[in-house]
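Protein chains in written order, with the numbering used here: chain A, 5 to 358; chain B, 145 to 512.
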């Protein structure tokens, strides 16, 4: 192989290696936090606060039971280091059972404990293992938020209303931006985005006053209106670019061939714009579903689901693993919604093909 | 079949006048071509017929009925768009059938019509496909079929061939013309391609800056161009223009240029004699310049560029500061650097007024 050719291939090899390294790094940056929160949501409280933190949740927990000063000494194995750490010294079996379930994520009944203690007479210390309840955090989360079903319904209601409002207003605005020339178009297009530059908290406080006067304070429609303010801007931009990508002549052809304006729009432009509209709906849904700060201020007796989660998980009782589980549960509806419309959104990434 | 009449139609976009006082009658079954450079208002004029643009002033009639204020769907015209405007989410069948559905044509009949027109444009085997699975030429055929299916009074075509590659354009041109001959539908065809216009039109309307410059048969606009613009716009290579001075000596009308003194033959000089000014623009088409031997030469010049075309060759000689293009027979071959001897076919010469740029045998604007 001649030397310039070899050099060419070596340089090319180095370049593509660097490129893949970059791609992998970026992918890891996106995947790692997600992995971390998923993993954390399955960890026991004891594990979540131990150091080093286990990367993956364990399926079984190993214990040592021995005689202690006050009664029985319970130690639990750290899965990372493999060493046993003494966590409890008590003669109250009920207390020990509760502790094992709450802190160690392993439900062990009192008769089971008595059985192990009985073994102490023949062997000391007693080693035993028990399968960990992986869904422990989730069960606890649903216990805490059991009364939050109305809040869940309310959140879905608000998200749906936000989609309807921002899609109908933003979609019409987007169509106008894409199809018509009018005075101050560029300025208006920019000023629509301007709304998004204000942080939600800055809008929320004056909104309390405005919504209270309108009679919408602490009602789903009020929150949906507030969320729509920001979302209309996004929807306008998304739909405008989608409508711009659809040739006007398709609609004109329909008109020439016998359709009125509305028929022409519904029959030609609308089906082609569906991916964009779906993407806009997705953004609106996720935005409305996850929003907490404004909801915290704009609701009082009728909080949204995100507010309920926030209130029950944050504060003195807050546990990171429980918060992670709550976060996962919160994400599920958004993930489901995204999956339902993913076909359309993917179409948008591929562009509208004419 | 119908007639189409423009009656002093004007279209303004804000301050821009797109179509200026356009009056014309398209006869029944005529194939009319609107020709002009981009921005000349030809497409706007057509879109006003379709109802896709408002008419600022004047009125448009189809047969005796005024359609100026009718919405597009009530005008009974069909249109082929430049980008085909085939609906991408409908199959070919649906594309052709949808206009018929809108017109509430009974299902059986509709089915028959769709297959009929599909056969006519040779896309019968593609009816179940989506437009994305078709080539540009096939999509164009769908657009033609769709336009044929509704049996319109007026057939509008907005640069329908400009998105096709050169070879396909040529064959589609022939096919469109054949379809027109078969259906006999009154057609208006917009194009900026003069050779397309020449080959397809019954009559050509040459437009510039929103104004009609000349209306006539392809031969008229080619041989009797009314203005410098028309003579320049029509024909490839375009007409050569040479500034000359008129002089009458011994009863012979002469055209003087630093390179030549041309004695106009009897019969070719009548308009020049009647012309009252002395400066003229001489317009001569490249094929009307003959390469001759030295004895018959009006003037000689050095060949700068030679473009062989197979059936003929185009050579450019330098005259003053511009090139004079000559269409010469393919043989004998002429090479750059060679001195060529040239003469004009006198009976084909055109004369223009340098100030108005109008042909001197076309005084005023009464070309129609």
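By construction, the Cβ of each residue, glycine as well, lies at the ideal position given by its N, Cα and C atoms.
Keep in mind that this is a model prediction, so the values were computed, not measured.
| task | Put residue 16 of chain A into one of helix, strand or coil per three-state DSSP. | result | Within the first chain, numbered from 1, the residue matching residue 16 of chain A stands at position 12. Of the three classes helix, strand and coil, the one that applies to residue 16 of chain A here is helix, per DSSP.
| said: Three or more C-beta pairs under 8 Å: does that hold for the region 269-288 of chain B against the region 326-339 of chain B? | reply: Verdict: no, contact absent.
| message | Could you compute how far the alpha carbon of residue 368 of chain B sits from the alpha carbon of residue 307 of chain B? | response | Residue 368 of chain B sits at position 224 when you count from the first residue of the second chain. Residue 307 of chain B sits at position 163 when you count from the first residue of the second chain. So the two alpha carbons sit approximately 31 Å from each other.
| request: Could you tell me whether the region 162-173 of chain A touches the region 281-292 of chain A, using the rule of 3 or more Cβ pairs below 8 Å? | output: Under the three-pair Cβ rule at 8 Å, the region 162-173 of chain A counts as touching the region 281-292 of chain A.
| query | Among B:269, B:449, B:241, B:301, which has the Cα closest to the Cα of residue 257 of chain B? | reply | Within the second chain, the letter at position 113 stands for residue 257 of chain B. B:241 is the residue among B:269, B:449, B:241, B:301 whose C-alpha sits nearest the C-alpha of residue 257 of chain B.
| said: With three or more beta-carbon pairs closer than 8 Å as the criterion, would you say the region 57-68 of chain A touches the region 131-138 of chain A? | reply: When Cβ pairs closer than 8 Å are counted between the two stretches, the region 57-68 of chain A is seen to touch the region 131-138 of chain A, the count reaching three or more.
| Name the residues in the region 252-282 of chain A whose C-beta lies less than 7 Å from a C-beta of chain B; which are they? | Residues of the region 252-282 of chain A that bring their beta carbon within less than 7 Å of a beta carbon in chain B comprise 253, 254, 256, 257, 259, 260, 261, 262, 263, 264, 272, 275, 276, in sequence order.
| field | For residue 403 of chain B, three-class secondary structure by DSSP | value | Indexing the second chain from 1 puts residue 403 of chain B at position 259. In this structure, residue 403 of chain B counts as coil in the three-state DSSP scheme.
| Listing by chain order, which chain A residues have their CB less than 8 Å from the CB of residue 331 of chain B? | On the second chain, position 187 is the one that residue 331 of chain B refers to. Close partners of residue 331 of chain B in chain A (Cβ separation under 8 Å) are lacking, with about 15 Å as the shortest Cβ gap.
| request: Ignoring anything shorter than 4 residues or poking outside the region 284-343 of chain A, list the alpha helix (DSSP H) runs there in chain order. | output: You should have 297-302, 309-317.
| message | Using a Cβ-Cβ distance cut-off of 8 Å, determine whether residue 299 of chain B contacts chain A. | response | Within the second chain, numbered from 1, the residue matching residue 299 of chain B stands at position 155. Residue 299 of chain B does not count as touching chain A.
| What's the C-alpha gap between residue 257 of chain A and residue 162 of chain A? | Start at 1 with the first residue of the first chain, and residue 257 of chain A comes out as number 253. Start at 1 with the first residue of the first chain, and residue 162 of chain A comes out as number 158. Residue 257 of chain A and residue 162 of chain A: Cα-Cα distance of roughly 39 Å.
| message | Just checking: is the beta-carbon of residue 443 of chain B within a distance shorter than 8 Å of some beta-carbon in chain A? | response | Locating residue 443 of chain B in the second chain gives position 299, where the first residue counts as 1. Chain A has no Cβ within less than 8 Å of the Cβ of residue 443 of chain B.
| query | Ends of the beta strand (DSSP E) at residue 358 of chain B? | reply | Here the question's residue 358 of chain B lines up with position 214 in the second chain. For residue 358 of chain B, the enclosing beta strand (DSSP E) stretches over residues 355-360.
| request: Within 10 angstroms of the Cβ of residue 279 of chain A, are there 16 or more other Cβ atoms? Answer buried if so, exposed if not. | output: Stepping through the first chain from its first residue, residue 279 of chain A is reached at position 275. Under this definition residue 279 of chain A is a buried residue.
| field | Straight-line gap, residue 255 of chain A to residue 268 of chain A (C-alpha atoms, nearest Å) | value | Mapped onto the first chain, residue 255 of chain A falls at position 251. Mapped onto the first chain, residue 268 of chain A falls at position 264. Cα to Cα, residue 255 of chain A sits roughly 5 Å from residue 268 of chain A.
| List, in order along the chain, the chain A residues whose C-beta lies closer than 7 Å to that of residue 246 of chain B? | Position 102 of the second chain, counted from the start, is the residue given in the question as residue 246 of chain B. Neighbours of residue 246 of chain B on chain A, chain order: 261, 262, 263.
| Quick one: what does DSSP say residue 273 of chain A is sitting in, helix, strand or coil? | In the first chain, the residue the question calls residue 273 of chain A occupies position 269. The three-state secondary structure of residue 273 of chain A, taken from DSSP, is helix.
| query | Who are the neighbours of residue 217 of chain B on chain A, taking C-beta pairs under 7 Å? | reply | Within the second chain, residue 217 of chain B is the residue found at index 73, counting from 1. Listed by position along chain A, the residues whose Cβ is nearer than 7 Å to that of residue 217 of chain B are 259, 262, 263, 264.
| residue 217 of chain A versus residue 208 of chain A - alpha carbon distance | Locating residue 217 of chain A in the first chain gives position 213, counting from the first residue. Locating residue 208 of chain A in the first chain gives position 204, counting from the first residue. Looking at the two C-alpha atoms, the distance is approximately 14 Å.
| query | Span of the alpha helix (DSSP H) holding residue 186 of chain B? | reply | As a working mapping, residue 186 of chain B is identified with position 42 in the second chain. For residue 186 of chain B, the enclosing alpha helix (DSSP H) has its first and last residue at 186-194.
| request: For residue 207 of chain B, collect the residues of the same chain with a Cβ closer than 8 Å to its Cβ; drop the 5 residues on either side in sequence, then sort them by chain order. | output: Within the second chain, numbered from 1, the residue matching residue 207 of chain B stands at position 63. Correct list, in chain order: 146, 147, 297.
| query | Which residues in the same chain have their Cβ closer than 8 Å to the Cβ of residue 249 of chain B, if we skip the five residues on either side of it in sequence? | reply | To locate residue 249 of chain B, count along the second chain from 1; it is residue 105. For residue 249 of chain B, where only same-chain residues beyond five positions count, the Cβ hits under 8 Å are 257.
| query | Excluding sequence positions up to five away, which residues of its chain have a Cβ less than 7 Å from the Cβ of residue 144 of chain A? | reply | Position 140 of the first chain, counting from 1, holds the residue named residue 144 of chain A. Counting only Cβ-Cβ distances below 7 Å, and skipping sequence neighbours, we find 326.
| query | Closest by CA to residue 448 of chain B, which one among B:440, B:463, B:439? | reply | Working through the second chain from its first residue, we reach residue 448 of chain B at position 304. Comparing Cα-Cα distances from residue 448 of chain B to each of B:440, B:463, B:439, the minimum goes to B:463.
| request: Identify whether residue 489 of chain B lies in helix, strand or coil by the three-state DSSP scheme. | output: Counting from one through the second chain, the residue named residue 489 of chain B turns up at place 345. For residue 489 of chain B, the secondary structure class from DSSP, reduced to helix, strand or coil, is coil.
| Are residue 474 of chain B and residue 455 of chain B touching if we call contact CB-CB under 8 Å? | What you label residue 474 of chain B is simply residue 330 of the second chain in a count that begins at 1. What you label residue 455 of chain B is simply residue 311 of the second chain in a count that begins at 1. Taking 8 Å as the cut-off, the beta carbon of residue 474 of chain B is found closer than this to the beta carbon of residue 455 of chain B.
| Expected contact under 8 Å - CB spacing of residue 292 of chain B and residue 264 of chain B to nearest Å | As a working note, residue 292 of chain B is residue 148 in the second chain. As a working note, residue 264 of chain B is residue 120 in the second chain. Taking C-beta atoms under 8 Å as the contact rule, residue 292 of chain B and residue 264 of chain B qualify, at a distance of about 6 Å.
| field | residue 112 of chain A versus residue 160 of chain A: straight-line alpha-carbon distance, rounded | value | Locating residue 112 of chain A in the first chain gives position 108, where the first residue counts as 1. Locating residue 160 of chain A in the first chain gives position 156, where the first residue counts as 1. If you take the alpha carbons of residue 112 of chain A and residue 160 of chain A, they lie about 38 Å apart.
| Cβ shell of residue 210 of chain B (< 8 Å), same chain only, five flanking positions each side left out | Within the second chain, the letter at position 66 stands for residue 210 of chain B. For residue 210 of chain B, where only same-chain residues beyond five positions count, the Cβ hits under 8 Å are 203, 204.
| field | Integer-rounded CB distance, given that residue 176 of chain B should sit under 8 Å from residue 370 of chain B | value | On the second chain, residue 370 of chain B is found 226 positions in, with the first residue counted as 1. On the second chain, residue 176 of chain B is found 32 positions in, with the first residue counted as 1. Incorrect: roughly 17 Å between the Cβ atoms, too far for contact.
| task | Could you say if the region 330-345 of chain A and the region 286-298 of chain A meet the contact criterion of at least three C-beta pairs nearer than 8 Å? | result | Cβ pair count under 8 Å is three or more, so yes.
| With 16 as the cutoff for other CB atoms within 10 Å, does residue 445 of chain B come out buried or exposed? | What you label residue 445 of chain B is simply residue 301 of the second chain in a count that begins at 1. In the assembly as shown, residue 445 of chain B is a buried residue. Its beta-carbon has 16 or more other beta-carbons within 10 Å.
| In chain order, each alpha helix (DSSP H) run of at least 4 residues that lies wholly inside the region 82-141 of chain A | The qualifying runs are 97-106, 114-123.
| said: Please list the terminal residues of the continuous alpha helix (DSSP H) segment that includes residue 336 of chain B. | reply: Within the second chain, the letter at position 192 stands for residue 336 of chain B. Careful: residue 336 of chain B lies outside any alpha helix (DSSP H) and carries neither H nor E.
| field | Three-state secondary structure assigned by DSSP to residue 186 of chain A | value | As a position in the first chain, residue 186 of chain A is number 182, starting the count at 1. The answer is coil: DSSP assigns residue 186 of chain A none of H, G, I, E or B.
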